[in-house]
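**Q** Below is a structure I'd like to ask you about.
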Amino acid sequence: MSSVELEIGGMTCASCATRIERKLNKLDGIQATVNYATEKAKVTAPSGFDTAVLIEEVEKAGYSAQLPTAMPEAADEQDDPELTSLRQRLIVSIILTVPVILMAMIPALQFTYWQWASLTLAAPVIVWGAWPFHRAAWTNLRHGAATMDTLISMGTLAAFGWSLYALFFGTAGMPGMTHPFEFTLSRSDGAANIYLEVGAGVTMFILAGRYFEKRAKRQAGAALRALLDLGAKNVAVLRKGVEVSIPIEQLRVGDEFVVRPGEKIATDGVVVSGHSAVDASMLTGESVPVEVGEGDAVTGATVNASGRLVVRATRVGSDTQLAQMARLVEDAQTGKAQVQRLADRISGVFVPIVLVIALAALVGWLIAGFPVSAAFTAAVAVLVIACPCALGLATPTALLVGTGRGAQMGILIKGPEILESTRKVDTVVLDKTGTVTSGRMALTGVIAEDGVDADELLRLSGAVEHASEHPVAQAIAARVPGVMPVVEGFANIEGRGVQGVVDGHSVVVGRESLLADWALTLSPRVAAAKAAAEAEGKTVVAAGWDGAARGILVVSDTVKPTSAEAIRGLRALGLTPILLTGDNEAAARHIAAAVGIDEIIAEVLPADKVEVVKRLQSEGRVVAMVGDGVNDAPALVQADLGLAMGTGTDVAIEASDIALVRGDLRSAVDAIRLSRKTLGTIKSNLFWAFAYNVAAIPLAALGMLNPMLAGAAMALSSVFVVGNSLRLRAFR
Numbered sequence: 259m260s261s262v263e264l265e266i267g268g269m270t271c272a273s274c275a276t277r278i279e280r281k282l283n284k285l286d287g288i289q290a291t292v293n294y295a296t297e298k299a300k301v302t303a304p305s306g307f308d309t310a311v312l313i314e315e316v317e318k319a320g321y322s323a324q325l326p327t328a329m330p331e332a333a334d335e336q337d338d339p340e341l342t343s344l345r346q347r348l349i350v351s352i353i354l355t356v357p358v359i360l361m362a363m364i365p366a367l368q369f370t371y372w373q374w375a376s377l378t379l380a381a382p383v384i385v386w387g388a389w390p391f392h393r394a395a396w397t398n399l400r401h402g403a404a405t406m407d408t409l410i411s412m413g414t415l416a417a418f419g420w421s422l423y424a425l426f427f428g429t430a431g432m433p434g435m436t437h438p439f440e441f442t443l444s445r446s447d448g449a450a451n452i453y454l455e456v457g458a459g460v461t462m463f464i465l466a467g468r469y470f471e472k473r474a475k476r477q478a479g480a481a482l483r484a485l486l487d488l489g490a491k492n493v494a495v496l497r498k499g500v501e502v503s504i505p506i507e508q509l510r511v512g513d514e515f516v517v518r519p520g521e522k523i524a525t526d527g528v529v530v531s532g533h534s535a536v537d538a539s540m541l542t543g544e545s546v547p548v549e550v551g552e553g554d555a556v557t558g559a560t561v562n563a564s565g566r567l568v569v570r571a572t573r574v575g576s577d578t579q580l581a582q583m584a585r586l587v588e589d590a591q592t593g594k595a596q597v598q599r600l601a602d603r604i605s606g607v608f609v610p611i612v613l614v615i616a617l618a619a620l621v622g623w624l625i626a627g628f629p630v631s632a633a634f635t636a637a638v639a640v641l642v643i644a645c646p647c648a649l650g651l652a653t654p655t656a657l658l659v660g661t662g663r664g665a666q667m668g669i670l671i672k673g674p675e676i677l678e679s680t681r682k683v684d685t686v687v688l689d690k691t692g693t694v695t696s697g698r699m700a701l702t703g704v705i706a707e708d709g710v711d712a713d714e715l716l717r718l719s720g721a722v723e724h725a726s727e728h729p730v731a732q733a734i735a736a737r738v739p740g741v742m743p744v745v746e747g748f749a750n751i752e753g754r755g756v757q758g759v760v761d762g763h764s765v766v767v768g769r770e771s772l773l774a775d776w777a778l779t780l781s782p783r784v785a786a787a788k789a790a791a792e793a794e795g796k797t798v799v800a801a802g803w804d805g806a807a808r809g810i811l812v813v814s815d816t817v818k819p820t821s822a823e824a825i826r827g828l829r830a831l832g833l834t835p836i837l838l839t840g841d842n843e844a845a846a847r848h849i850a851a852a853v854g855i856d857e858i859i860a861e862v863l864p865a866d867k868v869e870v871v872k873r874l875q876s877e878g879r880v881v882a883m884v885g886d887g888v889n890d891a892p893a894l895v896q897a898d899l900g901l902a903m904g905t906g907t908d909v910a911i912e913a914s915d916i917a918l919v920r921g922d923l924r925s926a927v928d929a930i931r932l933s934r935k936t937l938g939t940i941k942s943n944l945f946w947a948f949a950y951n952v953a954a955i956p957l958a959a960l961g962m963l964n965p966m967l968a969g970a971a972m973a974l975s976s977v978f979v980v981g982n983s984l985r986l987r988a989f990r
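Residue numbers (the numbering used here): 259 to 990.
Shown next, in the form of structure tokens:
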């Protein structure tokens with residue numbers, strides 16, 4: 259079997275994806291998953307299967323399909339023709355529709371011939387503005403299917419068509435015609451009533467929903483673009499001993515290139531010469547920079563923290579670890595279980611029922627001997643009252659208010675389908691570095707030998723370390739009290755430590771082996787403290803001067819002060835926290851104990867984080883993942899709910915479902931609470947939006963619903979939906 263990926267075009271709702279999936283799965287030996295969010299189909303087919311057959315099958319269903327193009331480049335919103343078209347339709351529709359609604363709903367604005375002004379304004383909206391819905395409805399009709407597009411198209415066209423009939427052949431076009439504002443039930447032939455505000459209003463609201471949905475969907479490839487952007491763009495290659503700058507695409511396996519302090523390593527390779535500390539936290543999550551020297555392997559996109567390195571390229575292009583991570587993110591996106599929108603699920607049943615009722619009303623009135631105009635009025639009234647005006651507001655308004663409130667609290671929720679996951683989540687996997695901990699090295703302990711002042715130990719050691727670029731050295735130097743002493747005769751012993759003269763003392767700071775070269779030995783008490791600190795995963799440097807060891811300085815990643823409170827909050831929501839890290843088990847257990855986490859998974863490689871999430875899901879758990887590094891991105895996508903700390907990388911933020919701007923783990927608790935509250939609001943909005951329609955449909959079918967009452971019912975349902983959504987502003 260082989261795997262094939264197709265890019266699908268023309269899908270307008272989740273039911274489209276389901277239909278394509280069913281079509282493909284009917285082919286012999288084919289297993290297909292169609293993801294509406296990423297607009298891709300992942301197909302497992304027998305080896306040698308002609309992909310043209312798959313494309314033809316998709317096209318038979320009324321959609322387009324093609325093999326994937328190259329990795330998408332970062333594009334401006336204006337470069338997306340579909341999004342630009344939607345935005346133009348929405349802006350024009352808003353400008354033209356608002357006056358139409360105001361004139362229809364407020365009798366005082368109904369001047370002589372106002373109905374013709376409404377026609378002039380509404381016609382472009384219903385015909386041109388709603389064209390994407392009419393086109394989709396026609397495509398669905400040709401293939402014997404009905405979706406929400408069918409209902410929108412039929413409702414708006416029926417309202418428009420009957421309004422034209424009433425204006426040109428009825429009495430609605432007469433001078434001085436008004437829509438009185440009254441709540442009465444009375445039979446009418448409909449020839450004196452127009453429904454233009456219904457057709458235009460529905461078009462405007464649904465266009466707004468589609469536009470914001472499309473904007474969210476075009477971010478599907480942003481995680482991949484951000485991931486690849488991490489890599490270096492140019493590289494200094496050695497050609498006959500001379501450095502030549504070339505684009506990264508021209509780098510070949512076997513080429514030797516130079517990496518200076520602070521630069522990104524261009525690609526995966528082996529160190530030929532030089533010694534340095536490499537910050538790999540962007541890819542591995544490890545908080546402590548890794549010491550590398552001749553013969554050591556290094557990874558592309560990691561940062562050279564201190565010395566000059568010459569590296570021989572061993573893997574380039576699509577073979578690098580960075581490219582493999584990009585594939586992991588893409589695979590996780592494509593394979594993620596799609597969450598169909600509530601409105602689409604309900605419409606699968608609602609649309610056919612409404613169409614049947616409208617037809618039944620038409621036939622029933624004709625059989626009963628009533629005029630054709632009365633029968634047609636009843637049928638049109640059913641379609642008009644069923645047209646989802648409040649439904650168009652139900653999700654966007656709750657999302658708008660909920661996400662707006664979230665933004666004030668530093669929580670960015672990326673779409674309605676994400677909210678469903680928050681209700682079901684029972685396990686939360688927490689990346690250690692940068693999530694539970696600060697992700698930055700800090701001095702956490704100074705242990706002096708007997709008779710040595712701890713402040714003096716820090717002052718002299720920090721002064722020498724201040725001259726070094728190493729992250730551990732900088733963490734120590736940052737804590738030196740008062741004025742930094744002057745260092746003379748500074749020397750960096752690569753990979754081992756530093757030395758220099760401070761206030762007349764010859765100071766050496768670094769590994770214990772470096773002190774041993776100077777015949778300086780730690781006392782049993784301090785040596786035991788050093789061993790204990792290292793057992794907890796901390797970094798320890800020793801210091802000595804004037805012929806004696808003077809003590810040790812302990813540096814480690816520190817736990818955020820709010821993490822323990824956040825863990826208690828997650829437990830209160832019924833979630834089981836798990837600590838996931840690439841660090842050793844001793845360091846992980848120490849951090850977990852400090853914040854109150856019982857379960858840990860340590861020493862996990864970047865690619866294995868996805869497998870950990872998959873394993874938990876296979877055990878029946880619904881998993882949320884909280885992380886901040888590039889290495890977390892695939893796991894964030896694979897998880898049922900991905901939350902990225904905003905202090906982390908753009909890749910993690912783009913790959914997540916919810917971004918936490920503050921970098922405070924407590925905001926993850928707030929995010930889940932707010933998401934659950936917003937989902938509840940959307941559900942109640944959808945219920946009432948349909949309830950108004952369901953209650954009014956029988957009245958419309960009996961011909962007892964005048965247009966003003968229909969308009970008032972729709973307005974009332976919309977007002978309720980908006981009011982219900984606004985309650986989210988009070989969320990604390």
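Glycine is no exception: its CB is placed at the ideal position from the N, C-alpha and C atoms.
(1) Is the region 450–465 in contact with the region 339–353, if contact means three or more CB pairs nearer than 8 Å?
(2) Using only CA atoms, which one of I504, P547, V881 and A449 lies nearest to D841?
(3) What's the C-alpha gap between V316 and I278?
(4) Taking only the alpha-carbon atoms, compute the straight-line gap between I810 and G575 and give it to the nearest angstrom.
(5) Where does the unbroken beta strand (DSSP E) through E552 begin, and where does it stop?
(6) Based on Cα-Cα distance, which residue from Q732, L932, G758 and Y469 lies nearest to L831?
(7) Would you mind stating whether V880 and V683 have Cβ atoms separated by less than 7 Å?
(8) Relative to the alpha-carbon of F391, which residue among E723, I410 and Q373 has its alpha-carbon at the smallest distance?
(9) Quick test of the definition: if touching needs 3 or more C-beta pairs under 8 Å, does the region 729–741 touch the region 816–826?
(10) Given a cut-off of 7 Å, decide if V686 and L828 are closer than it, judged by their beta-carbon atoms.
(11) Rounded to the nearest angstrom, what separates G532 and I836 at their Cα positions?
(12) Does the separation of the CB atoms of G660 and T936 fall below 7 Å?
(13) Name the DSSP bridge partner or partners of A290?
(14) Within a Cβ cutoff of 8 Å, which residues of the same chain sit near E514, ignoring the five residues on either side of it in sequence?
(15) Verify whether the separation of the beta carbon atoms of V884 and L677 is less than 7 Å.
(16) Kindly indicate which residue of A700, D804, V738 and D713 has the alpha-carbon position closest to the one of G758.
(17) So what's A844 in DSSP terms, helix, strand or just coil?
(18) Kindly indicate which residue of P433, K867 and T702 has the alpha-carbon position closest to the one of G900.
(19) May I have a chain-ordered list of the alpha helix (DSSP H) segments no shorter than 4 residues that lie completely inside the region 654–699?
(20) Measure the beta-carbon distance from I452 to Q368 and round it to whole angstroms, keeping in mind my assumption that it falls under 8 Å.
(21) Given that a residue counts as buried once 16 or more other Cβ atoms are within 10 Å of its Cβ, and exposed if not, what is A902?
(22) How would you write the range of the beta strand (DSSP E) that S531 sits in, first residue to last?
(23) Here's the rule I'm using: 16 or more other beta-carbon atoms within 10 Å means buried, otherwise exposed. How should P304 be labelled?
(24) Is the Cβ-Cβ distance between W623 and A636 less than 7 Å?
(25) Evaluate the contact criterion for the region 305–313 versus the region 416–433: three or more CB pairs, one atom per stretch, below 8 Å.
(26) Indicate the three-state DSSP secondary structure (helix, strand or coil) for P729 in the structure shown.
(27) Taking L282 as the reference, give the member of E314, M742, G762 and A793 with the closest Cα.
(28) What residues in its chain sit with their C-beta under 6 Å from that of G593, if we drop five residues either side in the sequence?
(29) Helix or strand or just coil, what does DSSP make of N451?
(30) Pick out the complete alpha helix (DSSP H) segments inside the region 356–413, 4 residues or longer, and give them in chain order.
(31) So is P892 buried or exposed if we call it buried at 16+ other beta carbons inside 10 Å?
(32) Take every Cβ of the region 687–702, pair it with every Cβ of the region 954–962, and state whether three or more of those distances are shorter than 8 Å.
(33) Identify every run of the alpha helix (DSSP H) within the region 884–968, keeping only runs that are complete inside it and at least 4 residues long; order them along the chain.
(34) When the Cα of V536 is compared with those of V638, V927, A633 and V561, which residue comes out closest?
(35) In the DSSP assignment, the alpha helix (DSSP H) including A787 goes from what residue to what residue?
**A** From the atom records:
(1) Enough Cβ pairs lie closer than 8 Å, so yes.
(2) Ranking I504, P547, V881 and A449 by Cα distance to D841 puts P547 first.
(3) A direct Cα-Cα distance of roughly 6 Å separates V316 from I278.
(4) Taking the straight line from one Cα to the other gives about 44 Å.
(5) Run containing E552: none; DSSP gives neither H nor E here.
(6) Considering only alpha carbons, the answer is L932.
(7) In this structure, V683 lies closer than 7 Å to V880 by Cβ.
(8) The shortest C-alpha separation from F391 is found at I410.
(9) Too few Cβ pairs lie closer than 8 Å, so no.
(10) Their beta carbons are under 7 Å apart, which means L828 touches V686 by this criterion.
(11) The straight-line gap from Cα to Cα measures roughly 39 Å.
(12) For G660 and T936, yes; Cβs fall inside 7 Å.
(13) Its beta-bridge partners are V301.
(14) Only V495, L496, V530, V568, V569, R570 and A571 meet the Cβ criterion.
(15) No, they are not a contact pair.
(16) Per the Cα distances, D804.
(17) Collapsing the DSSP output to three states places A844 in a helix.
(18) For the residues P433, K867 and T702, the minimum Cα distance to G900 belongs to K867.
(19) As for any alpha helix (DSSP H) of minimum length 4 sitting wholly inside the region 654–699, the runs are 674–682, ordered along the chain.
(20) About 11 Å separates the Cβ atoms of I452 and Q368, ruling out a contact at the 8 Å cut-off.
(21) Of the residues assessed, A902 falls on the buried side of the cut-off, its CB having 16 or more other CB atoms within 10 angstroms.
(22) Segment D526 to S531, the beta strand (DSSP E) holding S531.
(23) So P304 counts as exposed.
(24) With contacts defined by Cβ atoms closer than 7 Å, W623 and A636 form a contacting pair.
(25) Contact fails between the region 305–313 and the region 416–433, because fewer than three Cβ pairs, one in each stretch, are under 8 Å apart.
(26) DSSP places P729 in helix when its eight states are reduced to three.
(27) Answer by Cα proximity: E314.
(28) Below a pLDDT of 50, predicted positions are generally treated as unreliable, and G593, at 46, falls in that range; the measurement from the model is reported next regardless. For G593, where only same-chain residues beyond five positions count, there are no Cβ hits under 6 Å.
(29) Here N451 sits in coil by DSSP.
(30) With a minimum length of 4 residues, the continuous alpha helix (DSSP H) runs that stay inside the region 356–413 are 372–382 and 389–400.
(31) Buried, because 16 or more other Cβ atoms sit within 10 Å of the Cβ of P892.
(32) No, the region 687–702 does not touch the region 954–962.
(33) Those alpha helix (DSSP H) runs which fall completely within the region 884–968 and span 4+ residues are 891–896, 908–913 and 924–959.
(34) The option with the nearest alpha carbon to V536 is V561.
(35) Going by DSSP, A787 is part of the alpha helix (DSSP H) stretching over P782 to A793.
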